[in-house]
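Participant: Residue numbers (our numbering): 37 to 282. Handing you this structure, nothing more for now.
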Amino acid sequence: MHKLSAFLLTFLLCFAFTAPASAAWQPTVAVGILSAQTTASIAVRSGTAVLKTDAKAKPMKTSRPGMSVTITTAGSQLAADGKPARAATLLVMSADEREPLTLAVNGRLYRGAIRTDLHGYAMTVVNIARTEDYLQGVVPQEMPSAWPRAAVEAQAVAARTFALANRGRHSAEGYDLCATTHCQSYGGVAAEETGSNAAIAATYGDVLMYRGKLIDAVFHTDSGGWTDSSQAVWGTDIPYLQPAKE
Numbered sequence: 037m038h039k040l041s042a043f044l045l046t047f048l049l050c051f052a053f054t055a056p057a058s059a060a061w062q063p064t065v066a067v068g069i070l071s072a073q074t075t076a077s078i079a080v081r082s083g084t085a086v087l088k089t090d091a092k093a094k095p096m097k098t099s100r101p102g103m104s105v106t107i108t109t110a111g112s113q114l115a116a117d118g119k120p121a122r123a124a125t126l127l128v129m130s131a132d133e134r135e136p137l138t139l140a141v142n143g144r145l146y147r148g149a150i151r152t153d154l155h156g157y158a159m160t161v162v163n164i165a166r167t168e169d170y171l172q173g174v175v176p177q178e179m180p181s182a183w184p185r186a187a188v189e190a191q192a193v194a195a196r197t198f199a200l201a202n203r204g205r206h207s208a209e210g211y212d213l214c215a216t217t218h219c220q221s222y223g224g225v226a227a228e229e230t231g232s233n234a235a236i237a238a239t240y241g242d243v244l245m246y247r248g249k250l251i252d253a254v255f256h257t258d259s260g261g262w263t264d265s266s267q268a269v270w271g272t273d274i275p276y277l278q279p280a281k282e
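Take a look at the structure:
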């Protein structure tokens, strides 16, 4: 994805909007982490999980740390541990929304819930995470956590803004964002770093807005010392995306 420089992002922080500092503020983002799968092993690493066909359905199974469920495709439906679920969607979520949940999907750790959706004869695996938890797996993938604190904090604000402004970008596939650079690189718990987690916490709820709306917080990997205007890159003039020298 095209990306802004840390210098310009730091400058833009003066336009940041700070949301109320409460967990209730945090919306969730649904991130597509696997596609075209026929099987997925989901193990509980922390918290108590329930298996449901949707958030409001009765639990089919309750799992505690060390327990797991294997979800497979079975024709036009999914199966859990070999038992047909009579559903095209299965959701592994926390038994108590106040209790954090950590799940391993095929051995890779993620915070929040995991949903499997059947598409044809294969399934997509989606991680549904609170925004701040999602950012912990994104920010160190997009900028080294050892970089200057101000730069990492700016990256956290940009990543948060981008995620919230682009929810639904992959609605046709059944989720909000992908886990690649098409949206933002997302590595789950394995990607988390102490420095970037501190930057995320320090900017909790901060987003970039222009005239009351979330901006398109694009950013880049390497600018060569300059950024260009949106007009030059995309042919559309966006007032807050103007050239800047690092």
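Idealized CB from N, CA, C, for every residue including glycine. Fair warning: this is a prediction, and the values are worked out from it, not measured in the lab.
#1: Using the Cα positions of Ala76 and Ala208, report the straight-line distance between them to the nearest angstrom.
#2: Between the C-alpha atoms of Gly271 and Asp264, what's the straight-line distance to the nearest angstrom?
#3: Let me check understanding here. Comparing Cα to Cα, which of His155, Leu213, Ser232, Glu178 lies closest to Leu126?
#4: Which term fits His218, buried or exposed, when burial requires 16 or more other beta carbons within 10 angstroms of its beta carbon?
#5: How big is the Cα-Cα spacing for Ala195 and Ala110?
#6: Determine contact between the segment 167–174 and the segment 219–228, defined as no fewer than three beta-carbon pairs at a distance below 8 Å.
#7: Would you check if there are 3 or more beta carbon pairs closer than 8 Å linking the segment 175–190 to the segment 124–142?
#8: Out of Ala85, Asp117, Val193, point me to the one whose CA is closest to Tyr240's CA.
#9: Can you tell which of Gln62, Ser104, Lys94, Pro95 has its C-alpha closest to the C-alpha of Ala79?
#10: Check whether the segment 66–73 touches the segment 156–165, taking contact to mean three or more Cβ pairs, one atom from each stretch, closer than 8 Å.
#11: Quick one: using the 10 Å Cβ neighbour count with 16 as the cut-off for buried, is Tyr157 buried or exposed?
#12: Considering only residues of the same chain and omitting the five flanking positions on each side of Trp283, which have a CB-CB separation below 6 Å?
#13: Compare the Cα-Cα distances from Met129 to each of Glu168, Ser232, Thr89 and report the closest residue.
#14: With a Cβ-Cβ cutoff of 8 Å, do Ala268 and Phe198 count as a contact?
#15: What are the partner residues of Ser77, as DSSP defines its beta bridges?
#16: Between the C-alpha atoms of Gln191 and Ala72, what's the straight-line distance to the nearest angstrom?
#17: Note down the Cα distance separating Glu189 from Ser232, rounded to an integer number of angstroms.
#18: Per DSSP, Trp262 is paired with what?
#19: Does DSSP classify Tyr276 as helix, strand or coil?
#20: In whole angstroms, what separates the C-alpha of Leu200 from that of Leu250?
#21: Reducing DSSP to helix, strand and coil, say where Gly68 ends up.
#22: Could you tell me the boundaries of the alpha helix (DSSP H) in which Asp169 lies?
#23: Could you please give me the residues that DSSP links to Cys214 through a beta bridge?
Facilitator: Judging by the given coordinates:
#1: Going by C-alpha positions, Ala76 is about 22 Å away from Ala208.
#2: Rounded to the nearest whole angstrom, the CA to CA distance from Gly271 to Asp264 is 11 Å.
#3: For the set His155, Leu213, Ser232, Glu178, the Cα lying nearest the Cα of Leu126 is the one of His155.
#4: Looking at its Cβ environment, which holds fewer than 16 other Cβ atoms inside 10 Å, His218 is exposed.
#5: If you take the alpha carbons of Ala195 and Ala110, they lie about 38 Å apart.
#6: Verdict: yes, contact present.
#7: These segments do not touch.
#8: The shortest Cα separation from Tyr240 among Ala85, Asp117, Val193 belongs to Val193.
#9: For the set Gln62, Ser104, Lys94, Pro95, the Cα lying nearest the Cα of Ala79 is the one of Ser104.
#10: The segment 66–73 vs the segment 156–165: in contact.
#11: Counting other Cβ atoms within 10 Å of its Cβ, Tyr157 stays below 16 and is therefore classed as exposed.
#12: The chain is shown from 37 up to 282; residue 283 falls before or after that span and cannot be answered.
#13: If we check each option's Cα against that of Met129, Thr89 comes out closest.
#14: It is not a contact, given that the beta carbons lie outside the stated cut-off.
#15: Ser77 is bridged to Thr106.
#16: Their Cα atoms are separated by approximately 32 Å.
#17: The C-alpha of Ser232 is placed about 8 Å away from the C-alpha of Glu189.
#18: According to DSSP, which records beta bridges pairwise, Trp262 is partnered with Lys281.
#19: Secondary structure at Tyr276: coil, using DSSP grouped into helix, strand and coil.
#20: The straight-line gap from Cα to Cα measures roughly 8 Å.
#21: If DSSP states are grouped into helix, strand and coil, Gly68 belongs with the strands.
#22: Looking at the DSSP string, the run of the alpha helix (DSSP H) that includes Asp169 is 167–172.
#23: Answer is Gly68, bridged to Cys214.
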